[in-house]
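Undergrad:
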Amino acid sequence: MDIRLDSISHKYGDTDVLRDISLEIPAGQIVCLVGPSGCGKSTLLRFIGGLERPDSGRVLQLGAAPEGCLNPLTFVFQDFALLPWRTVKGNVSLVLEDHGIRGAKARAIIDDVLTRTKLSDFADALPKQLSGGMKQRVAIARALAVKPAVMLMDEPLSALDSQTRELLMDDLVSLWTRQPFTAVYVTHNLSEAVRLGHTIVVLSRRPGQIREIVTIDTPIQDRRPGDPVCQKKHDLLWELMREEARAADGELIDV
Amino acid sequence: MSEIGSSNGADTDQPIEVRFRGGGFAPKSRRWVGFAVFVILIVFVQWGTQSGWISPLTLPKPSDVLATLGQLWESGLLFKHLEPSLRRLVVGAAIGSVTGIAIGVLIGLFSIARAGLVPLVAAIFPIPKIALLPLFVIWFGIDEGSKYALIAFGTFTPTVVATYGAVDNVDRSLVRMGQSFGLSWFSIVRKIVLPGAMPGILSGLRISLAIAIILLVAAEMLGAEYGIGAYILEAGALYDLERLFAGVVILSLLGVIVSASIGFFERRLLGWRT
Ligand SMILES: Nc1ncnc2c1ncn2[C@@H]1O[C@H](COP(=O)(O)OP(=O)(O)OP(=O)(O)O)[C@@H](O)[C@H]1O
Ligand SMILES: [Mg+2]
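Sequence lines, in order, name chains A and B.
Residue 151 is where the first sequence starts when you use the working numbering, and the numbers rise one by one after that.
Residue 259 is where the second sequence starts when you use the working numbering, and the numbers rise one by one after that.
#1: Just the C-alpha distance for A/Phe197 and A/Gly358, rounded to the nearest angstrom, thanks.
#2: The beta strand (DSSP E) that contains A/Leu168, what's its start and end?
#3: Below 9 Å between beta carbons is the criterion; list the residues of the segment 431-456 of chain B that meet it against any residue of chain A, in chain order.
#4: Checking 8 Å against the spacing of the C-beta atoms, do A/Met391 and A/Val184 come in under that value?
#5: Whole angstroms are fine: how far does the CA of B/Val379 sit from the CA of A/Ser341?
#6: Can you tell me whether A/Lys161 sits near ligand 1, meaning its C-beta is under 7 Å from at least one heavy atom of the ligand?
#7: So, helix, strand or coil for A/Cys409, using DSSP?
#8: If I follow the unbroken alpha helix (DSSP H) through B/Ser519, where does it start and stop?
#9: With DSSP run on the structure shown, which of helix, strand or coil describes A/Cys189?
#10: Output the boundary residues of the alpha helix (DSSP H) element that contains B/His339.
#11: Check A/Gln211 in the structure and name its three-state DSSP category.
#12: Given this structure, state the Cα-to-Cα distance separating B/Ala468 from B/Ser517, to the nearest angstrom.
#13: If we ignore side chains and look at the alpha-carbon of each, how far apart do A/Asp320 and A/Trp235 end up?
#14: Does the count of Cβ pairs from the segment 380-398 of chain A and the segment 210-225 of chain A closer than 8 Å reach three?
#15: Report all residues from its chain with a CB closer than 7 Å to the CB of A/Arg292; omit the five preceding and five following residues, and keep chain order.
#16: Using a beta-carbon distance below 8 Å, is B/Ser264 in contact with chain A?
#17: Can you check whether the C-beta of B/Thr421 is within less than 8 Å of a C-beta belonging to chain A?
#18: Taking a Cβ distance cut-off of 9 Å, strictly less, list which residues of the segment 297-327 of chain A are near chain B, in chain order.
#19: Kindly indicate the opening and closing residues of the alpha helix (DSSP H) around B/Glu402.
#20: Could you pull out every unbroken beta strand (DSSP E) segment of at least 3 residues lying fully inside the segment 214-277 of chain A, listed in chain order?
#21: Can you look up A/Glu342 in the DSSP assignment and give me helix, strand or coil?
#22: Between the segment 205-218 of chain A and the segment 271-281 of chain B, are three or more C-beta pairs nearer than 8 Å?
#23: Going by alpha carbons, who is nearest to B/Asp498 out of B/Thr316, B/Ser431 and B/Thr307?
#24: Could you list the residues in the segment 241-265 of chain A with a C-beta less than 9 Å from some C-beta on chain B, going in chain order?
#25: Kindly list, in the order they appear in chain B, the residues whose Cβ is closer than 9 Å to that of A/Lys278.
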């Protein structure tokens, strides 16, 4: 299932947040969204996930969701959004219960996703007993449990320290290589974008417009830190982002 | 550098342990402290009345009150009074708090309910419910009906206010999460909103149930043959301080039991809080 954004524009009150965004998100690829703070990345992601409606433009699903998919568009939130009163297992089962999946079938799915995110030993722990990285892994396990067609990840790693972030990036890479998933991945962190993105969409400062689309052809499982191709892309992105940031600064002075 | 160090006096070179200033603000379970406060107070009064500097007209001897309680127990009168009181309390408080929680959740979830009911609740909250007792007697009869109604009405308003405040405070990002996973409206309310509002609802119940006990006594002072309130009223009319205090002790015990059982539920239901 592909996603197509068809000239999306949006205003919050008098502030133009997004202007004429058109984008294809092909199945099986990770599309990273980068851009200066406040340019509307999270807003765009909420539009894609159907949590909000844009003023104009449409978000289209192309083709049917794959078989067995319970929740085609599934979020992974920056603040984890785990229910603190449910155990790890309970948090995963929450999203299955509404689809009538209970008992042995639910247990099988829960066991599977907890194994894939290396959380089997913590199935009965409450969120307050987990570290930040583990909480985010629970959130990822919960997202995997509904077999999403597209994962919508809003800075999923930015609440974590850099070591944990590295480890979780490795986890995401191995999850993807084992079973390619489609994802829209919002981030501030260019090395995350270069590590995980098949395409990297650079948004301009507010009002957010597509500034540049960068593709990286190196398969994501082969990307190593210091890889010359990746480094070049990283530098290119860095340059683009810096121009945007500088322009945004200039604007504040102009006002 | 050394100049600065030495100018502050001889002992600045000594390492100073960092003063501990954390801790606190995390209530722990220390049940014996509450118990000790009671014991000290009672021993103090006993000593005062025994030695005579508290006159028997001011306070009865705790030992006499205990003896009165013992008599109450032996004669079987205790249960004759306790049974109707407990029934009134349980029925009245159950009606009041269940409807209160239901209305509070509605106010918390629907703007229409909020716009329509919040002013109404604000209007009936400050009415002393006891003042309405004669009205309730006309509406619901002099028997049990008016007593249930008074207690229910008295617990209803604080429960509503606590509940909708608690629903308002539920983390909206959890609700968004529920929606993003396609949970039904009913599931979101039952699995996210209600558990999230539970801490606020329970602390509201603490207050409403104490109010229920106060109103119980008020209701029983008007036309009840049996009941703790009736017993206290009768003792007061005869200026029988021992019996009056025996009644008061029963009420206090009731309050402690109610509070302890809410504490029990809080520990059971809210263990997830950090
Ligand atoms: N619900 C809302 N009501 C009004 N304004 C909003 C709302 N949500 C976002 N905005 C505004 O829209 C703009 C874009 O917000 P958004 O959260 O999408 O930015 P972002 O690119 O995700 O930023 P960041 O990188 O800091 O997360 C901001 O200026 C923000 O103030
Ligand atoms: Mg954001």
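Every residue gets a Cβ at the ideal spot worked out from N, C-alpha and C, and that includes glycine.
What you are looking at is a predicted structure, and each value in this text was computed from that prediction instead of being measured.
TA: This is what the structure gives:
#1: When rounded, the distance between both Cα atoms is 14 Å.
#2: Thr165 to Ile175
#3: Taking 9 Å as the Cβ-Cβ cut-off against chain A, the residues of the segment 431-456 of chain B that qualify are Ser431, Leu432, Arg434, Met435, Gly436, Gln437, Ser438, Phe439, Gly440, Leu441, Ser442, Ser445, Lys449, Ile450, Pro453, Gly454 and Met456.
#4: yes
#5: 55 Å
#6: no
#7: For chain A, the structure presents residues 151 to 405; residue 409 of chain A sits outside this window and is missing.
#8: Looking at the DSSP string, the run of the alpha helix (DSSP H) that includes B/Ser519 is Leu499 to Leu527.
#9: coil
#10: Leu335 to Leu367
#11: Judged by DSSP in its simplified three-state form, A/Gln211 adopts strand.
#12: 8 Å
#13: Computed Cα separation, rounded: 29 Å.
#14: no
#15: Asn241, Val242 and Val245
#16: Only weak support is given to the placement of B/Ser264: the predicted model assigns it a pLDDT of 49, under 50, and the value that follows is read from those uncertain coordinates. The C-beta of B/Ser264 comes no closer than 8 Å to any C-beta of chain A.
#17: no
#18: Leu302
#19: Glu402 to Asp426
#20: 223-226
#21: helix
#22: With the cut-off at 8 Å, the segment 205-218 of chain A and the segment 271-281 of chain B do not touch.
#23: B/Thr316
#24: Leu244, Val245, Glu247, Asp248 and His249
#25: Trp530, Arg531 and Thr532
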